[in-house]
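To start, the structure under review is shown below, and the notes come after it.
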Ligand SMILES: Nc1nc2c(ncn2[C@@H]2O[C@H](COP(=O)(O)OP(=O)(O)O)[C@@H](O)[C@H]2O)c(=O)[nH]1
Ligand SMILES: [Mg+2]
C-alpha cells in the first residue's frame with residue numbers, strides 16, 4: 021500500500037463522517053451547514069476553526085452558486101489546506117542543521133529520528149544522532165538499533181548522565197567532522213510535569229547556546245491518535261521551549277487527523293513530516309493539500 025493510501029485509510033474515521041454529510045441529500049441547505057460544522061468539530065479541529073471554515077465555505081457557495089454538496093468537496097479540501105502554517109525552512113533539508121526532538125513518551129520520537137537518519141543517509145548527507153534520553157537503558161539501546169539500521173553513528177552517555185552534556189558532545193563532534201545533519205533524541209515527558217519540562221528547557225538552551233555553527237530547530241513529535249489532548253500538550257511544550265515545528269506520527273492508525281490542523285493553526289507551527297507506519301521508510305514530507313484531500317475524500 022502506498023503512503024497516500026495508508027494516510028487515507030488512517031484518516032478513514034474523519035472521511036466517513038464527512039462522506040455522510042456530502043451524500044445525505046445532495047442539496048446544500050441549512051442542515052448541511054450545521055452538519056458540516058459538527059463533523060469538523062468531531063474530527064478534532066476545534067469549534068473556532070470549524071466555524072470559520074464553514075462560514076467561508078458558505079460564502080463561497082453563495083458566490084459561485086454551488087448548490088450541490090458534491091461541488092463543495094474540493095472547496096472544503098482547499099479551504100482546510102489554507103489553515104496550515106507553512107515552513108520557512110526545512111530543518112532536514114536545509115543543512116547544516118541540528119534538530120532536537122521532544123514530546124511525551126510513546127509519541128514516536130526515537131522512531132522518527134531513526135527514519136530521518138535513514139533518509140539523510142539515502143540522500144548522501146552526513147548525519148549524527150545524539151541520544152539525550154539517558155533516563156532508561158532501554159532507550160539508549162533502542163536508539164542504537166535505529167542508528168545501525170540507518171547506518172548512522174549514535175553519540176550518547178551512560179544511563180543517568182546529564183542529557184545536556186550529551187547535546188554538548190554531539191554538537192562538538194558534528195562541528196569537528198563537518199556533519200550536515202544532527203538529530204537529538206530526548207527523553208519523553210509529560211507536559212504537565214514542571215520539573216521535567218524545566219530540565220528539558222535547559223537541554224534546549226544549552227544546545228542553542230553551544231551550537232553556533234548551524235541553526236537549532238526544536239521539533240515536537242505528536243501522536244495523531246491522542247485527539248484533543250494533543251493540543252494541550254503542544255501548547256505546554258511550545259510555552260516552555262518555543263517550538264519551531266511538528267512531526268505528526270501514526271497517521272496510518274485510526275487517527276482523525278484534525279488535531280494536526282488544530283495545532284498547526286492555533287500555535288502557528290508548520291508540520292515538517294508525517295509518520296505513516298513503523299518502518300524506516302514510513303515518513304513523508306507533509307503536503308497540506310494532499311493531507312486535506314485524504315481527510316475530505318475525493319468523492320466517487
Ligand atoms: N503505526 C505507527 N506507529 C508508529 C509511528 N511512529 C512510531 N510508532 C510506534 O510508536 C511506538 C513508540 O515509538 P517511539 O519512537 O519509541 O516513541 P518515543 O517514546 O517518543 O521515543 C513504537 O512502537 C513505534 O513503532 C507511526 O508513524 N505509525
Ligand atoms: Mg524514545
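In my numbering, the protein residues as written are 21 to 320. Glycine residues also receive a C-beta, built at the ideal position from the N, C-alpha and C atoms.
is_contact[residue i, chain C] using C-beta, thresh 8 angstroms
i, result
"residue 25", "Included in the structure is just one protein chain, with no chain C present."
Inter-residue Cα distance where the pair is residue i and residue j
i, j, result
"residue 171", "residue 141", "7 angstroms"
"residue 233", "residue 118", "10 angstroms"
"residue 282", "residue 245", "13 angstroms"
"residue 230", "residue 262", "17 angstroms"
"residue 255", "residue 27", "25 angstroms"
"residue 278", "residue 60", "8 angstroms"
"residue 147", "residue 309", "30 angstroms"
"residue 113", "residue 181", "31 angstroms"
"residue 320", "residue 63", "For residue 320, the predicted model reports a pLDDT of 45, less than 50, meaning its position is unreliable and no value from the coordinates is stated."
"residue 122", "residue 46", "45 angstroms"
"residue 89", "residue 161", "53 angstroms"
"residue 137", "residue 35", "33 angstroms"
"residue 125", "residue 156", "12 angstroms"
"residue 286", "residue 37", "23 angstroms"
"residue 50", "residue 92", "14 angstroms"
"residue 103", "residue 228", "30 angstroms"
"residue 225", "residue 197", "23 angstroms"
"residue 33", "residue 188", "44 angstroms"
"residue 248", "residue 275", "11 angstroms"
"residue 74", "residue 191", "47 angstroms"
"residue 54", "residue 305", "33 angstroms"
"residue 132", "residue 105", "21 angstroms"
"residue 58", "residue 68", "11 angstroms"
"residue 48", "residue 173", "58 angstroms"
"residue 179", "residue 202", "21 angstroms"
"residue 85", "residue 77", "11 angstroms"
Proximity test, residue i beta-carbon vs ligand 2 heavy atom, cut-off 7 angstroms
i, result
"residue 205", "yes"
"residue 3", "What is shown of the chain runs 21 to 320, which leaves residue 3 out entirely."
"residue 285", "no"
"residue 159", "yes"
"residue 227", "no"
"residue 129", "yes"
"residue 153", "yes"
"residue 134", "no"
"residue 208", "yes"
Distance cut-off 7 angstroms: residue i Cβ against heavy atoms of ligand 1
i, result
"residue 302", "yes"
"residue 138", "no"
"residue 274", "no"
"residue 305", "no"
"residue 269", "yes"
"residue 39", "no"
"residue 162", "yes"
"residue 221", "no"
"residue 249", "no"
"residue 241", "yes"
"residue 125", "yes"
Opposing strand residues paired with residue i [DSSP bridges]
i, result
"residue 266", "240 and 291"
"residue 109", "DSSP output for residue 109 lists no bridge partner at all."
"residue 77", "According to DSSP, which records beta bridges pairwise, residue 77 is partnered with nothing at all."
"residue 305", "293"
"residue 148", "173 and 202"
Review point. If you scan the stretch 189-255 from start to end, which runs of the beta strand (DSSP E) of 3 or more residues do you find wholly inside it?
Key: If we require 3 residues or more, the beta strand (DSSP E) runs fully inside the stretch 189-255 come out as 201-206 and 236-243.
Check your understanding: In the stretch 111-145, which residue ranges form an unbroken beta strand (DSSP E) of at least 3 residues, counting only runs that do not cross its ends?
Key -> Segments of the beta strand (DSSP E) lying fully in the stretch 111-145: 117-122.
Review point. Along the chain, which unbroken stretches of the beta strand (DSSP E) at least 3 residues long are found entirely within the stretch 27-102?
Key: none
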